[in-house]
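**Q** Handing you this structure, nothing more for now.
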Amino acid sequence: MTLFWVLAAILIASAIWTITANKAVYSVVALLLNFAALAVTYLTLSAEFMAVIQIIVYSGAILMLFVFVIALLSSGVAPLSVGPNRLPKAVAPAIFIVLVAFGFLAYAVLGATAVVAPAAGANLGTVGTAGVFGSVADFGKALFTVHLLPFEITALILMVAVIGVVLLAGDQAPYVATRRHAERVEREMREAILREGR
Amino acid sequence: MAVAISNYVGLSAVMFFIGVAGVLLRRNPLVMLMSIELMFNSANLLFIAFARAWVANAGQIFAFLIITVAAAEAAIGLAIVVATFRDEKNVDVDQVRLLKG
Amino acid sequence: MSAGLTIPFTNADWAALVPIGIVAVTALVVLLVDLAARTYAPRYLSIAIGAAGAVAAGVVAAPQFGHDYSAFFGGFVTGGFTVVFEEVVLIALIGSLILYGSIGKAERMAGTTALMLWSTCGAMLMAGSANLMTIFLGLELLSLGLYCLCGLDERKTARESALKYLILSSTASGFLLYGMGLLFGASGSVMLAALTNPALANNPLFWTGAGMFLIGIAFKLALVPFHMWAPDVYEGAPLPVTAYMSVATKAATLAVFARFMYAALPAGSSDRLLLPVWIVAGLSMIFGNVGMLAQRDLKRLLAYSGTAQVGYILTALAGGTSQGLRYAIYYLTAYTFMNLGAFAVAAAMSGPGEEGSRIANYQRLGRRRPLLAAAMTFFMLAMAGLPPTAGFLGKILILSASVGAGYVWLGALLIVGTAISLYAYAKVVRAMYEREDRHATHDLQPFVPLAWASVVLCFVVVIAMTFYPLTPSNVLPLVK
Amino acid sequence: MLVVAIILLPIVAGALLFLLPRDDRAVSRAAGTIVAAATFVGLLFQPAEFSFRWLSRPFVAAFHFGATPVSFWIALLLALCTACAIAASNVPRLRDFTALMLFLEGTMLGLFLSRDLLAFALFWDLMLIPVFFGLIGWGAHPATAWRYFIYNFAGGLTLLLATAAFGVLQGSTDVIGTTTAPLAGAWAPWIFAGFAFAFLVKTPVWPLHTWMPLTYSDTPSPMVSVVAAVQSKAGLYGFIAIALAFVPEYVHEYAALLVLLGAISLIYGAVVALVQNDAKRIVAYSSLSHLGLIVIAIASQNSLALQGAVVYIVAHGLFSAALFLTLGFVEQREDTRSLVRLGGLGAANPRLAGALCIGALAALGLPGLAGFVGELIILAGVYQAGYTWAVIVALIAIVLAAAYALRLYQGIMNGPPVEDLPVRRDLTWREGLALAPLLAALVVLGVQPHPVLEASTASAPPTSTVSR
Amino acid sequence: MMATHHVMGVTGAYPMLVTLWLLPLAGAVLCWAFGPQLRGLAGWLASGAIAASFVLTVASWASGTQSAGGALGAHQYLFSWMPGFDFGLLLDPLSLLWTLIITGVGFLIHFYSIGYMHGDRAFARFFAYMNFFVFAMLTLVLSDNFAGLLVGWGLVGLASYFLIGFWFERRTAVAAARKAFVINVAGDVGIMFAIFLIVANVHSTAFGDAFAASGTLSSGLLFAICVALFIGAAAKSAQIPLHTWLPDAMEGPTPVSALIHAATMVTAGVYLIARCAPLWSANSDAQLLVGTIGGLTALVGAILGCVQWDIKRILAYSTMSQIGYMIMGVGVGAYEGGVAHFFTHAFFKAQLFLGAGIIIHNLANEQDVRRMGGLIKRMPFAFVAILTGVLSICGTPGFSGFFSKDRVIYGALQHGHPWLYAVGILTAGITAYYMFRLLFITFWGEYRGSVDPSDLGIRHPELSGVVDPDAGAGHAKEPADRAHHAEHAPAWIMSVPVGILIVPTVLIGWLMFGGDTSPWNGFFASSFPSAALATPAISELATSGVVLLLVIGGFGIAWWRYGTREAAANAVERLRNESVRMPAILTHLFYIDAAIDLICVRTSQLLGQFFGRLVDPLVVDGTVREAAFGARWLGVLVQSLETGLVRAYALVLALGAACFIAYYALAVAR
């Protein structure tokens, strides 16, 4: 119980920090903290595999990407800068809208969770134990049987991501349309090198 | 189990709307992307909490798949951000408004 | 380790996926061929392979019509409903590929083709999925591909559109996902079928989950007020991508919505549960059409048009009658061809470094390219719902459905919206036939025969659909 | 099959005209005239009905064509007006214009000959398109094209909604000319409202008329002669063939309102026509006035009035076509339509003056011409139906009609010759021959309208002389 | 529909009747179509057609007409529009009378016109119109039903319009023609309304059906029918207050005035009432109304005739006045008298007009009597013609007017209308005054054509009744190109018809001599309903004496003012003084014209301006435009939301999402 509230506090605080930090790097750090806390929360919910994945994939891979990009865009040491705010009056409405939406959602959902009841005869046990709910084996078995199709689709998604990023990034690459063109480019480059050398 | 599922649901709702607020309030596209990650994570928390409640591992698997998607999305998102702001002085979505009515 | 793990799927399961598989594999082939033979291959090779794959997938998918099978534990359901939407998406794919072949940059041909094919896989999955997971993954597959496709152009606006699309769409995906979470929480299952449990009818989790799920759907359908992204993204994205996006996203999302509506709701709850959707559809019909009035760019105009047209389609669905679904599909098909036709003409107007979407550029087209102008006129009038086009018959059918289902107010809004829309569509027509041109017009590049063929095909289909209105009558049983 | 051929012939011929050289004038005009005349002849053969199933769901609909006794006359009128108008036309880009005229004829033939409500609605919208292009390509102000198109399309949409509702309720729209049981139930008044709005806009009736003066004055004369003469009758025909047949109770229930609107149109159009200076606008407002009378006739649901209405539909078509064509000749010669500028043309142009005179006299209801027959019998019927006040309003309007029709005629043809007007030659043979059939028909029908009078008794189901 | 039809006359095939009806039409068409080729022959052709018609009329009456079952006359069925609207021709005594005048006097006037219109540029067109008029008038009087009558009624109006505006390059003529036509249409609609009343109650337009049913109709309905019919009659016959077009109609050529606006068309109202005698006889209210208006018109016309200077206008007001007599006669029920006055009037008024036409013709289109004078020496033939006409119209005993007018006046008394009787007597005196005034001013004294117009008081052309101030000083109105051709016409062409007309002008009244036993009454014995009349206190002879006294009085005053030697010597000064000092109410013709102009013309123009310039564009169309503008404004508004700021888009999205969530949170039934 206490653990939950601590985690909740960390989660909320780090989330707020994420969206309020002045510098993007601080946001990443805050997010890292958030993800870590989330991983622990998962453990309290019998999701050991997910806890691990959360750390490895999210914290380890995704957030690193963010850091790289921040570094790339910051052009060395200069911080990411912003221009003039074109929606200066949007803050209050935005917060109001968010609070209202949250209020309604909370009003609806919190009064209703009692409906949810664990299935009878559930195989719940200590987290980390093999064979119980949420264990890696249990998880894997479901993943490769009942949920095989979604899993396969993720392969396609990742493929799209890879190819897409390559295409987006490769925008500036010299393009070689035909063989003749290729030869001409090659010849020009060679001549240029020769000129440089002289 | 000591903590009611509703607490987790509430927690995830708070996180979700913090994420929404991030998208609405921040002008840095990277922070916006991070806010979106927050929203996805809150959904993950929801799935895992309900998976625990129902003792149905479909929720966990869903969360797992969401993480994968989030990774792909982050990759593409960052690529687009880089492509967009590579030549810009400011990394600020407010400055990107060639397209308007 | 693998002792207890038997793959519990039969050939039928895999057979269900063959069309999608063909498309996915075609994408790989395109990339590989390009890699191997980029320097030597003709310009259109990627397009040709991609289109061939799409045609093959379409042909393979067709026999699944009438063969209901729930593959992968409901992850993918084959049958008439799925096939119809798959075919629509494939048609959009083929049309867009042809357009891309006509005006696209050679160096991006392969990558674009591949991404379009994979996006199509996502759309096809959405058409067939009866399971929240596959819905979400299909949607993301579609969207991720589209984010990239939007940005694949040297114009700054293209990248801007990609960025805007990414941020807004991901936010909407967040809502969708959260809604799915709540739905899962309510039913304890990711299967849509589990949502029909009558006990859920009064469950706040279910209601709010459905609400947030529908927010995501409404965003993808660009319904007012979730439409704001569409004009900017449509305008910025390369024209063939816009053409693809305007049809494929809408068709796939409509499939999801229709399945959700027809097969995933507790009995008797749908009227109240879906009321916001109908309201939003009504708003879309009004403001989508109003939004067109002031536009100066054809793609923006078509974005708003799309918003309104989806409103029409939803009007057909309102009330949840089997007729309604049939007519929605009819109108969707008609819209696909009208829309592709309009985009094809716009593609013909593209000049070097310039997408032919500024309406000012259409001045005097009636004199310069009479046939092109006639085609554009036809598609504009078709979208406005004038006879003798499928748009006209479609509206009649939709009206009859909405009247029959008791949603007359939606029908009335449709009428009001259509009246407004006429002004906007006719504005394009007027520009083409005005006697004096007030703007210098740019040179027109020659238009490739294949694209012409697509224009003619769209024309013929839109006419033919009017006189032979085949609405797949046995779609409805296949939804569940 | 002949009936389909009659509808398709102008459309196909119009498309084929584009094969001619762009600057060809004589051939396209001749071809257009011959095609329109051919449809006229074809109609005289009383073609058999033709039906082709279109929809089975959500209601039965068919491409079902065939003339009813009423529509037979309107279709004949249409073919005649089109032939005359094409023969009379002398506008820039004549080939394209002729093609548009033929499209217009084809679509309107489709409208009047269709026996299916859905096909009726289809052609209803379709017939707007050629006029829209005519206004865009040849009109003075593009804004008029919008006004026309959107206003009428709005009417077309309510027609569409009503048709859909009708189909859903009745199960079939293949009903025009049959004696289907009238609609009943909660939806019927709304269906009636949808039909009525479309018909009233098209006619037009005050206060839905404001598209009309602009359209009539801006559209090139040959086209407006067809639009004013025949297209405006679509609404009235709709009232007779659809509203009276399928929602007669509501026509009866709202008869007072319809009669009121008709009466307002009648007097309003006449009074406004009295002070217009644009010659075409005078005729436009006079149309508002004349068609208001027909609306009254229909709303009165009196069999005598209906018989008169059919005659008047044809008569108004003939004289408004003749008037617009003649005014077109005047405008073409003198480059103006303003009564302020015009005057004294009669001395140098006796044939032109004669034509305009006959047209104007028919418009003011001179006995012996077709318009008189219509007015007389309509009002006799309306009086029988008990709307004495409407009859008196109509009689006042007839006096006003005399005033404005003579003002039109005299303002152009009489008075001392105006110095700065160009002197051009009188009507040519071609122009004269284009007008002759219309004027001759006015006289013939004015003397013996029997066959047209019979039309509505042969078809109109509500023969009950409703007396209030 | 009624099963049985009451047909007046004996139904049969009468080819001569149809021929005499259509001959003028054929003449009109020929003259119109081949005018340029026919040239001068057109006049002979047209006259010939009318002459043939006249001969056929006489012949068909003599040979073809039968009398059977109480019906006298020939009835020829023509065609039918629909049940109740059957058309046919009917030649009975009443229509025979009119037909004879139309074709007989019509022929003379046609013949006269050959001379009068000689050299006019539109010579053939003139005869086409004239023939057309005769056809229309024949249609009117020969029709056997109200609808056919209305057709003729409208067509004579049209012919009148064409002929008044014959010289259509003159603005005054154009305006006068339009005025005449519009007022006549106002009359037409009255008849139309009567037809509606009849059709609604009798289901037929045939005279026979209507009259047969007149006994069954309620008196209110009958009164309404009569009033509606009388509106038509009043407009056509220039009864107060619809008379204002008649003086203006004098813009037409003089033969037109003689034929249409004196002899035939303007008496159509008399015909109508005489034709509908069964209706009037059945309703005393209608009789009183119509008789009163007729008497009033007679008086007013006579008074206004005293103050005119234009020779044709004097005659026009006299026509109005005389028709007032006729209407009074047929209105009160003295049908034979009214019809008789029509008959004699046709001759003497045609005579007067044709005589005046000779003067006008010879004076190069001068019409103002002040610029005449002393013509007795220059045109003795014209003097004789006009003198006989004046004597006849004044009711000089022995002249035709004496018989008919006295019958009308006495008829009013017989039918119980002493006030009308008094008015009739008074009017007779006034008539004598203004007719002799005309005679003296025109023929006595010295010729004043060379006197400066202003010395004669011709300062304000509008005071002498000219419609349009643009037209100049009221003289030289006819186009110049025709004036200098005038002398080429042989004089006998114009003289012969006048000479022929003198005979009936003087003698025809003897037909009516003998009261009820006269051949006249015998001829009409079966035509009019007979009413039992009380014998009045005053005898017919006494009446004639009183009338004669007043006529002599009128003559005396005219003589005293214009006829004496002194008056002739000071004519210029006297005429100027009279012109200048004339009371405004008389120069403005009792302000009737002005009132009609204000109430009808100005008001409708004002309404037209109001609706056409204000209501239509601003209110009716304004609403539509505001709606369209509103839509476009919304479009701009929607567009302005597209700021291009992704955060703004997200905000809208979030707003929508919040609304959705709120709905779903609240709508769930817990």
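Residue numbers (this note's numbering), protein chains in the order written: chain L, 90 to 287; chain C, 9 to 109; chain S, -15 to 464; chain R, 2 to 469; chain X, 19 to 688. From the three backbone atoms N, C-alpha and C, an ideal C-beta is built for every residue, glycine too.
Give me whichever residues DSSP pairs with residue 105/X in a beta bridge.
**A** Beta-bridge pairing links residue 105/X to 97/X.
**Q** Taking only the alpha-carbon atoms, compute the straight-line gap between residue 323/S and residue 105/S and give it to the nearest angstrom.
**A** 21 Å
**Q** Does the count of Cβ pairs from the segment 343 to 354 of chain R and the segment 395 to 404 of chain R closer than 8 Å reach three?
**A** No, they do not touch.
**Q** What does residue 62/S pair with, by DSSP beta-bridge criteria?
**A** Answer is 53/S.
**Q** Would a check of beta-carbon distances place residue 234/L closer than 8 Å to chain C?
**A** no
**Q** What first and last residue would you give for the alpha helix (DSSP H) that runs through residue 125/R?
**A** Judged by DSSP secondary structure, residue 125/R falls within the alpha helix (DSSP H) whose first and last residues are 118 to 127.
**Q** Taking Cβ-Cβ distances shorter than 7 Å, what residues in chain L pair up with residue 8/S?
**A** 245
**Q** Express the C-alpha separation of residue 258/R and residue 330/R in angstroms, rounding to a whole number.
**A** If you take the alpha carbons of residue 330/R and residue 258/R, they lie about 39 Å apart.
**Q** Roughly how many whole angstroms lie between the Cα atoms of residue 179/R and residue 117/R?
**A** Using only the alpha carbons, I get a separation of about 10 Å.
**Q** Taking just the CA atoms, how far does residue 416/S sit from residue 345/S?
**A** 9 Å
**Q** Classify residue 555/X as helix, strand or coil using the three-state DSSP reduction.
**A** coil
**Q** With DSSP as the reference, please indicate the residues paired to residue 115/S in a beta bridge.
**A** Residue 115/S pairs with 175/S.
**Q** Just by C-beta distance, which residues in the segment 665 to 684 of chain X are closer than 7 Å to chain S?
**A** 667, 668, 670, 671, 673, 674, 675, 678, 679, 681, 682 and 683
**Q** Excluding five sequence neighbours on each side, which residues of the same chain lie with their C-beta closer than 6 Å to the C-beta of residue 269/X?
**A** Excluding residues within five positions, the ones whose Cβ falls inside 6 Å are 182, 190, 191 and 194.
**Q** At 4 residues or longer, what runs of the alpha helix (DSSP H) sit wholly inside the segment 154 to 230 of chain S?
**A** 188 to 204 and 213 to 220
**Q** Check residue 328/X in the structure and name its three-state DSSP category.
**A** strand
**Q** Evaluate residue -5/S with the Cβ neighbour count: other Cβ atoms within 10 Å of its Cβ, from every protein chain shown; 16 or more gives buried, anything less gives exposed.
**A** When all chains shown are included, residue -5/S counts as exposed.
**Q** Residue 476/X to residue 596/X, Cα distance in whole Å?
**A** 11 Å
**Q** Can you list, in chain order, the residues of the segment 51 to 65 of chain S whose Cβ is nearer than 9 Å to any Cβ on chain L?
**A** 55, 56, 57, 59 and 60
**Q** Please report how far the alpha carbon of residue 548/X lies from the alpha carbon of residue 197/X, in whole angstroms.
**A** Straight-line Cα distance between these residues: approximately 39 Å.
**Q** List, in order along the chain, the chain R residues whose C-beta lies closer than 9 Å to that of residue 187/X?
**A** 345, 347, 348, 415, 416, 417 and 418
**Q** Measure the CB-CB distance between residue 360/X and residue 527/X and report whether it falls below 8 Å.
**A** no
**Q** Using 8 Å as the limit for Cβ to Cβ distance, is residue 686/X near chain S?
**A** yes
**Q** Less than 7 Å separating the Cβ of residue 650/X from some heavy atom of the ligand ADP?
**A** Absence of the ligand ADP is noted for the structure shown, with no ligands found whatsoever.
**Q** In chain L, what lies closer than 8 Å to residue 663/X by C-beta?
**A** 175 and 176
**Q** Given a threshold of 16 other Cβ atoms within 10 Å of its Cβ, counted over all protein chains shown, does residue 282/R qualify as buried or as exposed?
**A** buried
**Q** Taking C-beta to C-beta, are residue 19/C and residue 100/L nearer than 8 Å?
**A** yes
**Q** Could you tell me which residues DSSP puts in a beta bridge with residue 29/X?
**A** In the DSSP output, where bridge partners are listed per residue, residue 29/X has 93/X.
**Q** Please go through the segment 289 to 342 of chain S and give each complete alpha helix (DSSP H) segment of 4 or more residues, from N-terminal end onward.
**A** 306 to 332
**Q** Does residue 258/S have its Cβ less than 8 Å from a Cβ in chain X?
**A** no
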